[in-house]
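For reference, the structure is listed below as structure tokens.
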């Protein structure tokens, strides 16, 4: 059987092996190193199974030859080893030792007579599985029962781990490994070391008999210098429960790379509806060099990473220029398995530290993460995490995007570089709503794009704003917020008691080159765009003042003719300089008299004269009588102003008497004294 995993592109090869105790099993063989272009089957050895000859796309020929497999059945829960694994007596210790001595792979199963709750308490460290041929350890005692897993109970004397695998190519399924804490940070339920291509499915790490209480290991599962491992899967029952451990659920370190973590419950009970916290993090990659995959767009491949006392996912980079990338896709982080109720992680949902080339989410719904309810940020980036892409996620809402289940921050980055939030491709925009604060980017950083997102709205467009602001920037350079191809919708944010002026976008101290494009910005509690936190930044002569975005002057709209659609305006700013003026229409003006901009009308390029003055006009068809027209100005360095004062589109005579009587806006009438 040849399988290509669509989520990673990996090719895996299996041979079927019959088992008297647990039905057919699959033996995983070493995968080809290149893409397979041609394949033939035949019998190249003396056993009865076909072998594979594969021609790679690079011309390389590889052979996957079958081998006879030994079937070993554990019949006792004692921990002795008399040197023989046979029908009368075979402990797990004996079975592993026997498997290590074989020249080919084997299958270790549990005899059904062991009964529900069968448990071994090792007297010392179990043998390391060093066999490099495919070995299967199936802990099923009774299928269909929660308590039908074989239990390996720590602390196991001076055992470092419940089980250790160094040979690779092993499949571990339906074991419950718990209580291994003897060596503190070196202890784990399962240690995958050196040899890779292991699969761990349907196991419990750190929980009790019913999957709802904590019997923790130090770490649930540790991957050390080991590549291409699959933790969980997309099939029913393939996911592991990795909860209740004293430190981390999954801990990845060293030269480990291309590991996939799919379909697991990490930090919750077996139903995914109650927290059983790992005391620090759900998943940690600590300077592991090769990247990997957390979650999958395939149905059943997303993890629930919730209820952990620290961070849901913590990825710490290795300080090398271009490490392997991480994909975080299709997960639920901070909510229950139904994406309806909060099971918060005690810190942030995802924390990237000095990581590079990470993608969180994607451009279709199956790739989207729901990251909500966490105590700190939904997504936190720090220490120059570069080239991160945050695409298509729901951040601060339930799974439907209709109800707010906020994080403190939707996205927070203390030193953003080459950061992309959303994009112009269909589906790339995030829904960032219902948090205390939306996007908070501060510190030194540059080259940031915030495109095509919905910030402060529910998925149906209803109000679901942030308490303080939609977007806050401080100390940043070269930032793009919205474009003609990918405008953001930023609404219903801010106006809080302590920061009444902050609403849609705040450009604060030290920021320059923040270019705010043709977004839809409306109904925010504070200003649509605020340069600093001091109310309206009133225009100054020759625009000589300094501050966020150079405190760029806004345009002044002098008149609007509803009939022709002509807008007359002027700008006073730096002399002999080209500016781009963007124009917007809103149903009404902000109470400050300065605008927001719900509907983008178009733009006009102007150049100031030697006195710093540009006077011009632009024509827009179909202006709405009674609507408010506003504008912004952007200089050649990308510094965008606040919104201008509003100018209300006047009603013409045809509008006032549209029904032959007194229809229209009565505010357009002048007071008449006398007769």
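Residue numbers (this note's numbering): 1247 to 1921.
In this text, a Cβ means the ideal position worked out from N, Cα and C, and glycines have one as well.
Note that the structure is a prediction, hence the values are computed from the model and not measured.
6 Å Cβ shell around residue i - same chain, five flanking residues per side excluded
i            : result
residue 1667 : 1636 and 1696
residue 1921 : Because the pLDDT of residue 1921 is 32, which lies under 50, any placement of that residue in the model is unreliable, and the number read from its coordinates should be weighed accordingly. Excluding sequence neighbours, residue 1921 sits near nothing in its chain.
residue 1346 : 1376 and 1377
residue 1788 : 1858
residue 1379 : 1350 and 1351
residue 1781 : 1747
residue 1957 : Any property of residue 1957 remains undetermined from this structure, which presents the chain solely from 1247 to 1921.
residue 1692 : 1723 and 1724
residue 1238 : In the structure as shown, the chain starts at 1247 and stops at 1921, and residue 1238 therefore has no counterpart that could be examined.
residue 1406 : 1429, 1432 and 1433
residue 1292 : At residue 1292 the pLDDT is 44, less than 50, meaning the model places this residue with poor confidence; the figure from the coordinates comes in the next sentence. Here the set comprises nothing.
residue 1644 : 1585, 1586 and 1651
residue 1360 : 1387
N-terminal and C-terminal residue of the beta strand (DSSP E) that residue i is part of
i            : result
residue 1411 : 1407-1411
residue 1346 : From DSSP, residue 1346 is part of no beta strand (DSSP E) but of the alpha helix (DSSP H) over 1338-1346.
residue 1468 : 1465-1470
residue 1636 : 1635-1637
residue 1850 : 1845-1853
residue 1686 : 1683-1697
residue 1807 : 1802-1807
residue 1476 : 1476-1478
residue 1777 : 1775-1777
residue 1397 : 1396-1399
residue 1667 : 1663-1668
residue 1317 : 1316-1320
C-beta contact flag for residue i and residue j at 7 Å
i            : j            : result
residue 1923 : residue 1830 : Residue numbering for the chain in the displayed model covers 1247 to 1921; residue 1923 lies beyond these limits and cannot be assessed.
residue 1642 : residue 1679 : yes
residue 1576 : residue 1541 : yes
residue 1383 : residue 1325 : no
residue 1734 : residue 1750 : no
residue 1457 : residue 1516 : yes
residue 1538 : residue 1504 : yes
residue 1813 : residue 1777 : no
residue 1512 : residue 1475 : no
residue 1685 : residue 1651 : no
residue 1363 : residue 1400 : no
residue 1563 : residue 1480 : no
residue 1529 : residue 1559 : yes
residue 1847 : residue 1811 : no
residue 1492 : residue 1427 : yes
residue 1595 : residue 1617 : yes
residue 1821 : residue 1856 : yes
residue 1556 : residue 1527 : yes
Own chain residues within Cβ distance below 7 Å of residue i, not counting five before or after
i            : result
residue 1316 : 1348 and 1352
residue 1413 : 1375, 1376, 1377, 1378 and 1441
residue 1714 : 1682, 1683, 1740, 1742, 1745 and 1748
residue 1265 : In this predicted model, residue 1265 has a pLDDT of only 37, less than 50, meaning its place in the structure is not dependable enough to derive any value.
residue 1648 : 1704, 1705 and 1706
residue 1343 : 1327 and 1373
residue 1646 : 1705
residue 1661 : 1628, 1629, 1630, 1689, 1690 and 1691
Neighbourhood of residue i by C-beta, 8 Å cutoff - its chain only, sequence neighbours within 5 removed
i            : result
residue 1192 : The structure shown has nothing for residue 1192, since the chain only spans 1247 to 1921.
residue 1757 : 1719, 1720, 1721, 1722, 1723, 1725, 1794 and 1795
residue 1473 : 1442, 1443, 1501, 1502, 1503, 1504, 1505 and 1536
residue 1392 : 1455, 1456, 1457 and 1516
residue 1482 : 1546
residue 1732 : 1668, 1669, 1670, 1674, 1675, 1697 and 1698
Identified DSSP bridge partners for residue i
i            : result
residue 1897 : Answer is none; residue 1897 lacks a bridge partner.
residue 1863 : 1814
residue 1830 : 1846 and 1876
residue 1891 : 1840
residue 1284 : 1301
residue 1658 : 1626 and 1686
residue 1506 : 1476 and 1539
residue 1419 : 1384 and 1447
residue 1497 : 1468 and 1530
residue 1308 : 1300
residue 1572 : 1538
residue 1560 : 1530 and 1597
residue 1825 : 1852
Short CB-CB distance (under 7 Å) between residue i and chain C
i            : result
residue 1498 : Among the chains of the structure shown, chain C does not appear; only one protein chain is present.
Quiz item: What are the start and end residues of each continuous beta strand (DSSP E) run of 3 or more residues lying completely inside the region 1713-1773, in chain order?
Solution: 1717-1727, 1735-1737, 1751-1753, 1758-1762 and 1766-1768
Quiz prompt | Secondary structure, alpha helix (DSSP H): runs of 4+ residues fully inside the region 1597-1622 | solution = none
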